[in-house]
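Enquirer: Each residue of the sequence shown is one higher than the last, beginning at 22 in the working numbering.
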Amino acid sequence: MAVPTAEGTGGRKASRFSQDGSVLGLLVKVLGLSAIVGLLTYTGWRLLGDGAYAFAAAFFITALFFTLVFVRKSTVPLRWIMPGLVFLILFQLYPIFFTVYTAFTNYSTGRNVEKPAAIAAIERLTYVPEGSPAWGWTPLQADDGSAAVWIIDPADGAAYLAVPDEDLVPAAEVNGLQLDANGAPASMDGFTVLPNNQRFLFVSANQGVTFGDEERGVQVTSSTEARQTRQRYVYDPELDAMIDQRDGTIFVSQMGIFTAEDGSTLAPGYPVWVGVENFTSIITNPAIRGPFFTIFIWTFIWAFFSVLETFILGLLLALNMNSPNIPFQRILRVLLIVPYAIPAFITVKVWVGLLNPVLGVIGSAWNPGWFTDPFWAKIGILMVNLWLGYPYMFLIITGALQSIPGDIYEAARVDGAGPFYQFRRLTLPLLMVSIGPLLIGSFAFNFNNFAIIDLYNSGGPPIPGSATPAGYTDILISYTYRIAFGGARGNDYGLAAAISIIIFAIVATVTILNFRFTGQLEEVSENV
């Protein structure tokens with residue numbers, strides 16, 4: 022009879038332990054996967070019920086992708102980056118697809134919810150029928166701070182507890198109910214009886230609120246009376262219209278707005294597909310075309326001169342500071358990059374104060390219209406950006422200069438090359454190999470440099486006659502922001518999304534040119 026050795030016993034224990042561990046690990050994975058996928062699916066289902074079909078689809082796709090990654094052996098490496106991929110889908114890819122979708126709709130103020138949500142919101146509106154009997158009521162406040170009322174039916178004197186959007190609760194079913202000598206509630210579980218001097222505040226704070234269900238709900242109409250309400254609008258899917266139950270008026274859906282024959286409308290509306298209308302309006306609508314192309318041209322001028330001025334100043338300073346004859350080089354280099362260390366929103370506001378025509382040191386002495394004249398406002402904002410941008414150029418050019426070998430300059434001097442020739446044929450070509458892509462990246466950055474435009478003058482001075490909020494110093498990104506979020510006459514998200522796509526196309530083109538330009542610079546550097 023064989024006697025099991027310690028090694029064999031230990032091996033069997035280790036085997037059983039690994040099996041138990043694998044089962045436990047599998048159980049943890051299944052539970053974790055079920056929880057995450059369940060949460061994503063539940064959220065998508067809720068969004069689907071609210072009519073947000075696109076956002077719901079993003080959650081469903083994410084849940085499906087998450088499941089496939091964790092059940093397939095071929096996708097094991099992706100498990101380690103799944104959290105990042107989930108956020109990429111929900112917060113990067115979805116906004117991109119939604120922006121593209123919005124660009125082909127009339128999504129705007131008054132049309133900012135999906136159709137099912139708009140219909141549901143309108144159908145929740147109620148009215149008080151003529152001749153509706155007056156109900157007596159007492160104001161209540163629930164322990165969670167919400168409002169409720171105690172009502173008395175004038176027909177039979179029955180009393181009820183009425184909470185918004187819930188069935189009426191008969192007095193006999195209310196826990197802890199205590200009545201005073203007049204039959205009014207003195208106390209009850211979960212609610213506080215408000216004093217009579219708060220009735221007016223209660224009425225004003227709960228205008229339009231229906232206490233109770235749809236059949237027997239009431240609204241407080243005065244400090245002493247409450248009246249039963251009825252649903253005012255009912256949606257007719259065959260007519261695609263809302264029917265007013267009070268007088269029979271028909272509100273037909275027109276471009277996402279329910280509109281009656283007399284021109285009256287119901288809110289909210291919903292966005293509808295308009296095709297390329299937002300893109301064509303940029304060209305065909307004079308009130309949009311004029312400001313858009315003015316801003317379009319200025320955006321390129323702004324980005325180009327922002328790069329050019331900061332590059333020239335940064336290059337001059339770097340060349341001077343690269344000389345061994347400059348004393349206190351380290352201290353001076355630190356001082357030169359101080360503007361880069363201060364947040365831009367502080368620096369811009371400091372410059373705005375300096376250029377103030379009343380209190381500013383510069384503006385009070387010389388004020389050609391730093392904020393009111395279209396030309397000088399642009400000069401002012403370029404001047405501010407020069408102060409903000411030259412330290413970056415100084416840093417990268419300084420590093421690039423120090424990477425150029427010194428022996429090529431010695432060889433050039435032996436051949437009789439002067440300083441200007443050395444700069445033009447040696448320094449600048451080798452410098453552009455290193456910083457050329459950074460210059461193009463700086464162009465793309467300034468092309469979308471929203472912060473300085475908004476902080477300096479909010480894009481002003483305004484362009485007169487524009488149908489959209491537009492200013493002479495606005496660039497495309499700030500112009501898009503004002504169309505989407507800053508319009509005093511409403512927000513046009515569809516038009517803003519269309520301009521966003523145009524901006525993306527321009528930046529993508531600049532990026533492609535960046536790669537091609539980088540390759541050309543490398544070829545030039547080989548011939549230096």
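Built from N, CA and C at the ideal position, the CB exists for glycine as well.
1. Tell me whether the beta-carbon of ILE484 lies closer than 8 Å to the beta-carbon of TYR493.
2. Rounded to a whole number of angstroms, what is the C-alpha to C-alpha distance between SER95 and LEU89?
3. Who pairs with GLN423 in a beta bridge, going by DSSP?
4. Taking Cβ positions, are GLY410 and SER327 nearer each other than 8 Å?
5. Which residue comes first and which comes last in the beta strand (DSSP E) that contains THR213?
6. Could you check how far apart the C-beta atoms of ALA505 and ALA517 are, in whole angstroms? I think they sit under 8 Å.
7. Output needed for PHE415: all residues of its chain with C-beta closer than 7 Å, excluding positions within five of it in sequence on either side, in chain order.
8. Sorted by chain position, which residues of the same chain lie with C-beta nearer than 7 Å to VAL379's C-beta, five sequence neighbours on each side aside?
9. Going by DSSP in three states, ALA183 sits in which element: helix, strand or coil?
10. Among residues of its own chain, excluding the 5 on either side of SER521, which ones have a beta-carbon nearer than 7 Å to its beta-carbon?
11. With a Cβ-Cβ cutoff of 8 Å, do VAL224 and GLY233 count as a contact?
12. Which residue from ASN535, ALA202, GLY511 and THR532 puts its Cα closest to that of ARG132?
13. Inspect the beta-carbon positions of GLY515 and THR126 and report whether they are closer than 8 Å.
14. Count the other CB atoms, across all protein chains shown, that sit within 10 Å of the CB of THR532; report buried if there are 16 or more and exposed otherwise.
15. Using C-beta distances below 7 Å, list every residue in its chain close to GLY296, excluding the 5 sequence neighbours before and after it, in chain order.
16. In the structure shown, what three-state DSSP assignment does PHE125 receive?
17. Whose C-alpha, out of PRO216, PRO258, ALA169 and ALA139, is nearest the C-alpha of ALA73?
18. Find the nearest neighbour of THR286 within the set SER274, PRO348, PRO292 and ILE425, judged by alpha-carbon distance.
19. To the nearest angstrom, report how far apart ASN535 and PHE464 are at their CA atoms.
20. From the DSSP output, in three-state form, read off ARG237 for me.
21. Give the straight-line distance between the Cα atoms of GLN228 and VAL241, rounded to the nearest whole angstrom.
22. Taking only runs that begin and end inside the stretch 144 to 169, name each unbroken beta strand (DSSP E) of 3 or more residues, in chain order.
23. Hey, ALA288 and PHE272 are a contact pair by Cβ (cut 8 Å); roughly how many whole angstroms apart?
24. Look up THR286 in the DSSP assignment and say whether it is helix, strand or coil.
25. Could you give the residue range of the alpha helix (DSSP H) that holds PRO550?
Expert: If we stick to the structure as given:
1. Here the question's residue 484 lines up with position 463 in the sequence shown. Here the question's residue 493 lines up with position 472 in the sequence shown. Result yes, Cβ atoms of ILE484 and TYR493 sit closer than 8 Å.
2. What you label residue 95 is simply residue 74 of the sequence shown in a count that begins at 1. What you label residue 89 is simply residue 68 of the sequence shown in a count that begins at 1. Each residue's alpha carbon lies about 10 Å from the other.
3. The sequence position of residue 423 within the sequence shown is 402, counting from 1. DSSP output for GLN423 lists no bridge partner at all.
4. Position 389 of the sequence shown holds residue 410. Position 306 of the sequence shown holds residue 327. A contact, by the Cβ cut-off of 8 Å.
5. Locating residue 213 in the sequence shown gives position 192, counting from the first residue. It spans 212 to 214 - the beta strand (DSSP E) in which THR213 sits, taken as one unbroken run.
6. Within the sequence shown, the letter at position 484 stands for residue 505. Within the sequence shown, the letter at position 496 stands for residue 517. Their Cβ separation, rounded to whole angstroms, is 4 Å, which keeps ALA505 and ALA517 in contact under 8 Å.
7. As a working note, residue 415 is residue 394 in the sequence shown. Within the same chain, PHE415 has close Cβ partners GLY335, LEU338, ALA339, LEU357 and ILE358.
8. Residue numbering aside, residue 379 sits at position 358 when the sequence shown is read from its first letter. Once the five neighbours on either side are set aside, the close Cβ partners of VAL379 are SER385.
9. The residue given as residue 183 occupies position 162 in the sequence shown. Here ALA183 sits in strand by DSSP.
10. Taking the first residue of the sequence shown as position 1, residue 521 is located at position 500. THR120 and THR501, listed in sequence order.
11. Along the sequence shown, one-based indexing puts residue 224 at 203. Along the sequence shown, one-based indexing puts residue 233 at 212. In this structure, GLY233 does not lie closer than 8 Å to VAL224 by Cβ.
12. As a position in the sequence shown, residue 132 is number 111, starting the count at 1. With respect to the C-alpha of ARG132, the residue from ASN535, ALA202, GLY511 and THR532 having the closest C-alpha is GLY511.
13. By 1-based counting over the sequence shown, the position of residue 515 is 494. By 1-based counting over the sequence shown, the position of residue 126 is 105. Yes, the pair counts as a contact, with Cβ atoms nearer than the cut-off.
14. Taking the first residue of the sequence shown as position 1, residue 532 is located at position 511. Exposed, since its Cβ has fewer than 16 Cβ neighbours within 10 Å.
15. Translated into positions along the sequence shown, residue 296 becomes position 275. The residues are PHE125.
16. Numbered from its first residue, the sequence shown carries residue 125 at position 104. In the structure shown, PHE125 sits in coil (DSSP, three-state: anything other than H, G, I, E or B).
17. Residue mapping note: residue 73 aligns to position 52 of the sequence shown, counting from 1. Cα-wise, what sits closest to ALA73 is ALA139.
18. Here residue 286 refers to the residue found at position 265 when the sequence shown is read from its first residue. When SER274, PRO348, PRO292 and ILE425 are compared, the shortest CA-CA separation from THR286 is found for SER274.
19. Here residue 535 corresponds to residue number 514 of the sequence shown, with the count starting at 1. Here residue 464 corresponds to residue number 443 of the sequence shown, with the count starting at 1. When rounded, the distance between both Cα atoms is 10 Å.
20. In the sequence shown, residue 237 corresponds to position 216, counting from 1. Correct three-state label for ARG237: coil.
21. For the purposes of this step, residue 228 is taken as residue 207 along the sequence shown, with counting starting at 1. For the purposes of this step, residue 241 is taken as residue 220 along the sequence shown, with counting starting at 1. Taking the straight line joining both Cα atoms gives about 7 Å.
22. If we require 3 residues or more, the beta strand (DSSP E) runs fully inside the stretch 144 to 169 come out as 155 to 163.
23. Here residue 288 corresponds to residue number 267 of the sequence shown, with the count starting at 1. Here residue 272 corresponds to residue number 251 of the sequence shown, with the count starting at 1. Incorrect: roughly 11 Å between the Cβ atoms, too far for contact.
24. On the sequence shown, position 265 is the one that residue 286 refers to. THR286 falls in the strand class under three-state DSSP.
25. In the structure as shown, the chain starts at 22 and stops at 549, and residue 550 therefore has no counterpart that could be examined.
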